[in-house]
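Novice:
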Amino acid sequence: MSKRLTEQEEQRRLHMEQLRQAGIDPYPARCTRTHTCAEALQLLEGLDGEEATAEIVHVAGRMMSKRVMGKATFGHIQDGSGRLQFYASVDNMGEEEYNRFRKLFDLGDIIGVAGPLFRTRTGEPTVRAQSITMLAKSLRPLPEKWHGLKDVELRYRQRYLDLIVNEDVRQVFITRTRIVSALREFLDARGFLEVETPILQPIYGGAAARPFITYHNELEQQLYLRISFELYLKRLIVGGFDKVYEIGRDFRNEGISFKHNPEFTQLEFYQAYADYNDVMRLTEEMIAYVAQKVLGTLRITYGEHEIDLTPPWRRRELRQAIIEETGIDIEAYPDAPSLYQAIRAIGGNVEPKATRGKLIDALISNYLEPKLIQPTFLIDYPVEISPLAKRKPGSDRLVERFEGFIGGMEICNAFTELNDPDDQEQRFLEQGRAYDAGDEEAHRMDEDFLTALSYGMPPTGGFGMGIDRLTMLLTNRDSIREVILFPHLRPRPAS
RNA sequence: GAGCCGUUAGCUCAGCCGGCAGAGCACCUGCCUUUUAAGCAGGGUGUCGCGCGUUCGAAUCGCGCACGGCUCACCA
13 MSKRLTEQEE QRRLHMEQLR QAGIDPYPAR CTRTHTCAEA LQLLEGLDGE
63 EATAEIVHVA GRMMSKRVMG KATFGHIQDG SGRLQFYASV DNMGEEEYNR
113 FRKLFDLGDI IGVAGPLFRT RTGEPTVRAQ SITMLAKSLR PLPEKWHGLK
163 DVELRYRQRY LDLIVNEDVR QVFITRTRIV SALREFLDAR GFLEVETPIL
213 QPIYGGAAAR PFITYHNELE QQLYLRISFE LYLKRLIVGG FDKVYEIGRD
263 FRNEGISFKH NPEFTQLEFY QAYADYNDVM RLTEEMIAYV AQKVLGTLRI
313 TYGEHEIDLT PPWRRRELRQ AIIEETGIDI EAYPDAPSLY QAIRAIGGNV
363 EPKATRGKLI DALISNYLEP KLIQPTFLID YPVEISPLAK RKPGSDRLVE
413 RFEGFIGGME ICNAFTELND PDDQEQRFLE QGRAYDAGDE EAHRMDEDFL
463 TALSYGMPPT GGFGMGIDRL TMLLTNRDSI REVILFPHLR PRPAS
């Protein structure tokens with residue numbers, strides 16, 4: 013701890029030392045608190061003028077402002093419920109305690125204030141302090157009171173500072189928690205059972221992504237952090253839980269962008285005896301429920317767009333949508349080379365060695381996704397990019413799958429689940445060939461999952477949704493880092 | 001992974017055709033008993049991200065590196 017202190021840090025340590033010399037513990041073990049700031053404010057309801065309450069309140073919080081006027085001082089404290097003004101004066105506190113407060117208590121200190129409540133001349137509810145006690149000394153200055161903390165890097169690395177000084181950031185994370193609660197309410201009310209499945213998995217699966225790899229020493233076993241919950245939740249459907257869901261963290265060892273973080277929160281649910289049409293209806297109903305519950309409206313603003321979440325949402329066949337936006341009929345190009353040429357012909361920038369599935373993905377994300385502002389389900393995807401979805405009856409090329417898009421972002425992905433164990437095995441084998449050909453994101457053969465399927469899985473509709481992206485949408489944030497409390501950053505360089 | 005932009009006081013930001021490092025808030029000293037971005041008088045507290053180079057002289061110009069942001073690539 014030989015780090016050089018700034019003048020302000022030295023000043024605060026000096027104040028702390030002076031408190032100790034006065035016999036005051038700057039970090040006491042106990043404190044008295046009878047009201048939150050919000051609760052204290054309510055006590056003044058119905059009182060007129062500057063009349064004070066008979067009741068003495070003990071409130072506690074971080075001192076966010078301090079305006080000294082000689083023998084009297086106004087300031088605000090902030091706790092989790094809000095802000096409250098206090099009034100300190102020699103008259104009410106006595107000279108010794110008042111001067112100690114005035115000289116040794118700094119902005120950012122956690123303090124307790126006790127006294128009756130009254131309104132000032134300007135009508136602001138205020139605690140008339142009879143005593144002010146130190147609850148925890150703050151040894152570093154807070155960011156500036158007016159402009160707050162703007163430096164994005166500091167906001168993410170020291171999120172606690174962001175939360176202290178930027179009220180809108182606080183609200184985003186409160187909203188995020190309410191969104192998750194509303195999702196649980198919705199699913200619980202419909203008989204879904206919330207479960208927990210392994211994060212450390214011997215074989216990763218359920219999505220196309222590169223995994224994080226770890227190792228169990230005692231078992232001498234390589235393990236993967238899950239990239240999805242899918243294959244475990246389906247095992248539970250086999251096991252007879254007809255409606256299950258999980259909300260938790262997935263990990264994907266891929267690039268970081270405004271809508272990608274290496275770990276992100278996912279909701280997946282599976283419903284036996286349902287298909288993707290049932291899931292589509294449930295999805296639009298669920299999102300509408302959450303918006304209504306959390307925001308009180310189905311009409312939201314996202315960036316420059318006004319979005320109406322009212323069901324039913326538009327359904328567009330993927331093939332038809334691609335034709336409309338690009339003029340390319342993917343059915344007319346049954347292999348990668350011909351589709352590649354067609355995309356190049358319209359000026360598309362794609363990898364020459366991409367598979368047909370990757371090319372179709374590129375068409376979706378480059379030409380469709382940015383235009384899908386109002387809630388839209390793209391339906392009926394090619395089988396080669398959907399190795400866990402059931403084929404459409406009468407088609408060997410398409411599966412019963414949809415993705416939901418809102419505000420130009422993919423929000424969710426769902427399908428009628430493939431429950432034919434032999435077909436599933438063939439799909440794994442195809443994926444294995446793709447992996448051997450260099451596609452690191454291809455699915456791996458999961459024998460144990462195939463065994464589960466072979467006992468018979470009911471017809472099932474399944475669903476996955478990124479909670480982070482839904483939160484971006486409902487809080488009107490343009491970066492996933494704004495809705496993740498501690499987004500991933502490189503280590504701070506040694507200075 | 002590539003391109004562009006950024007990094008100056010605790011915070012928010014000026015300064016950038018090379019010439020003594022600046023403002024507001026915060027902080028320090030003094031005054032002030034109803035203020036609320038309190039006010040008045042005084043005080044600049046700094047490894048100009050790091051390193052190398054050009055130059056009589058670098059926050060400023062050049063090269064390299066680090067971290068961050070945006071765009072692209074990647075991400076079903």
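With the numbering used here, the residue at position 380 of the first sequence is 392, and numbering never jumps. No residue lacks a Cβ here, since even glycine has one placed at the ideal position from N, Cα and C. Computed from a predicted model, the values in this text were never measured in an experiment.
DSSP on S14, reduced to helix/strand/coil?
Specialist: Numbered from its first residue, the first sequence carries residue 14 at position 2. Caution applies to S14, whose pLDDT of 37 falls short of 50 and renders its modelled position unreliable; the value that the coordinates give is listed next. Correct three-state label for S14: coil.
Novice: From S150 to P471, what does the alpha carbon distance come to, in whole angstroms?
Specialist: Mapped onto the first sequence, residue 150 falls at position 138. Mapped onto the first sequence, residue 471 falls at position 459. The straight-line gap from Cα to Cα measures roughly 59 angstroms.
Novice: Could you round the C-beta distance between L129 and V69 to whole angstroms and report it? I think they count as a contact, below 8 angstroms.
Specialist: Within the first sequence, the letter at position 117 stands for residue 129. Within the first sequence, the letter at position 57 stands for residue 69. Indeed they touch by this definition, with Cβ atoms about 6 angstroms apart.
Novice: Who are the near neighbours of T483 in its chain, counting only those whose CB is closer than 8 angstroms to its CB and skipping five residues on each side?
Specialist: The sequence position of residue 483 within the first sequence is 471, counting from 1. Result list for T483: V184, T187, R188, I191, R489 and V495, in chain order.
Novice: Where does Y447 fall in DSSP's three states?
Specialist: Indexing the first sequence from 1 puts residue 447 at position 435. Helix at Y447.
Novice: Relative to the ligand ZN, is the shortest distance from any of its heavy atoms to the C-beta of A52 smaller than 8 angstroms?
Specialist: Questions concerning the ligand ZN fall outside what the structure shown contains, since it holds no ligand whatsoever.
Novice: Considering only residues of the same chain and omitting the five flanking positions on each side of P210, which have a CB-CB separation below 8 angstroms?
Specialist: Here residue 210 refers to the residue found at position 198 when the first sequence is read from its first residue. The answer, listed in chain order, is R238 and Y244.
Novice: Are the beta-carbon atoms belonging to Q332 and Y345 less than 9 angstroms from one another?
Specialist: Numbered from its first residue, the first sequence carries residue 332 at position 320. Numbered from its first residue, the first sequence carries residue 345 at position 333. Not a contact, by the Cβ cut-off of 9 angstroms.
Novice: Does DSSP classify E266 as helix, strand or coil?
Specialist: Locating residue 266 in the first sequence gives position 254, where the first residue counts as 1. Reduced to three states, the DSSP call for E266 is coil.
Novice: Helix, strand or coil for T487, going by three-state DSSP, please let me know.
Specialist: Start at 1 with the first residue of the first sequence, and residue 487 comes out as number 475. Reduced to three states, the DSSP call for T487 is helix.
Novice: So, is R326 buried or exposed, given that buried needs 16 or more other C-beta atoms within 10 angstroms?
Specialist: Residue mapping note: residue 326 aligns to position 314 of the first sequence, counting from 1. By the neighbour-count rule (16 or more Cβ atoms within 10 Å), R326 is not buried but exposed.
Novice: With DSSP as the reference, please indicate the residues paired to D254 in a beta bridge.
Specialist: Residue numbering aside, residue 254 sits at position 242 when the first sequence is read from its first letter. Paired residue(s): none; D254 is not in a bridge.
Novice: Starting from the Cα of R24, find the closest Cα among Q142, A84 and R152 and give me that residue.
Specialist: By 1-based counting over the first sequence, the position of residue 24 is 12. Per the Cα distances, R152.
Novice: Under 8 angstroms, with one C-beta from each stretch per pair, do the segment 364–378 and the segment 302–313 reach the 3-pair mark?
Specialist: The segment 364–378 is not in contact with the segment 302–313.
Novice: When DSSP labels each residue in this structure, what does Y168 get in the three-state scheme?
Specialist: Taking the first residue of the first sequence as 1, we reach residue 168 at position 156. Helix, per DSSP.
Novice: Whose CA, out of A449, E452, R403 and R264, lies closest to the CA of T428?
Specialist: Here residue 428 is taken as the residue at index 416 of the first sequence, counted from 1. The option with the nearest alpha carbon to T428 is R403.
Novice: Taking the alpha carbon of E316 as the point to measure from, which residue in G420, L441, D262 and F263 has its own alpha carbon closest?
Specialist: Stepping through the first sequence from its first residue, residue 316 is reached at position 304. Taking only the C-alpha atoms, the option nearest E316 is G420.
Novice: Taking 9 angstroms as the threshold (C-beta atoms), are Y257 and L199 in contact?
Specialist: Walking along the first sequence from the start, residue 199 turns up at place 187. Walking along the first sequence from the start, residue 257 turns up at place 245. Their beta carbons are under 9 angstroms apart, which means L199 touches Y257 by this criterion.
Novice: Going by other Cβ atoms of all chains shown within 10 Å of its Cβ, with 16 needed for buried, is Q54 buried or exposed?
Specialist: Along the first sequence, read from residue 1 onward, the residue named residue 54 stands at position 42. It is exposed - the Cβ of Q54 has fewer than 16 other Cβ atoms within 10 Å.
Novice: Are the beta-carbon atoms of N273 and I492 separated by less than 9 angstroms?
Specialist: As a working note, residue 273 is residue 261 in the first sequence. As a working note, residue 492 is residue 480 in the first sequence. Taking 9 angstroms as the Cβ cut-off, N273 and I492 qualify as a contacting pair.
Novice: In the DSSP assignment, find the beta strand (DSSP E) that holds G473 and state where it starts and stops.
Specialist: Your numbering for residue 473 matches position 461 in the first sequence. Note, G473: beta strand (DSSP E), T472 to G478.
Novice: Report yes if the C-beta distance between H27 and K115 is below 9 angstroms; otherwise report no.
Specialist: Locating residue 27 in the first sequence gives position 15, counting from the first residue. Locating residue 115 in the first sequence gives position 103, counting from the first residue. Cβ atoms of H27 and K115: closer than 9 angstroms.
Novice: Can you give me the Cβ contacts of G406 inside the same chain, cut-off strictly under 6 angstroms, excluding the 5 residues immediately before and after it?
Specialist: Within the first sequence, residue 406 is the residue found at index 394, counting from 1. Cβ within range, chain order: n/a, list empty.
Novice: Quick check on R131: does DSSP put it in helix, strand or coil?
Specialist: Position 119 of the first sequence, counted from the first residue, corresponds to residue 131. The answer is strand: DSSP assigns R131 an E or B state.
Novice: Taking E179 as part of the alpha helix (DSSP H), name the residues at either end of that continuous run.
Specialist: If you number the first sequence from 1, residue 179 lands on position 167. E179 to A201 is the span of the alpha helix (DSSP H), which, as asked, contains E179.
Novice: Which of helix, strand or coil does DSSP assign to R331?
Specialist: For the purposes of this step, residue 331 is identified with residue 319 of the first sequence, where counting begins at 1. If DSSP states are grouped into helix, strand and coil, R331 belongs with the helices.
Novice: Hey, how far is the Cα of Q20 from the Cα of F276?
Specialist: Mapped onto the first sequence, residue 20 falls at position 8. Mapped onto the first sequence, residue 276 falls at position 264. Whole-angstrom Cα-Cα distance: 39 angstroms.
Novice: With H, G and I counted as helix, E and B as strand and the rest as coil, what does DSSP make of I211?
Specialist: For the purposes of this step, residue 211 is taken as residue 199 along the first sequence, with counting starting at 1. Correct three-state label for I211: coil.
Novice: Looking at E165: is its Cβ nearer than 9 angstroms to the Cβ of L400?
Specialist: In the first sequence, counting from the first residue as 1, residue 165 sits at position 153. In the first sequence, counting from the first residue as 1, residue 400 sits at position 388. The answer is no: Cβ separation not under 9 angstroms.
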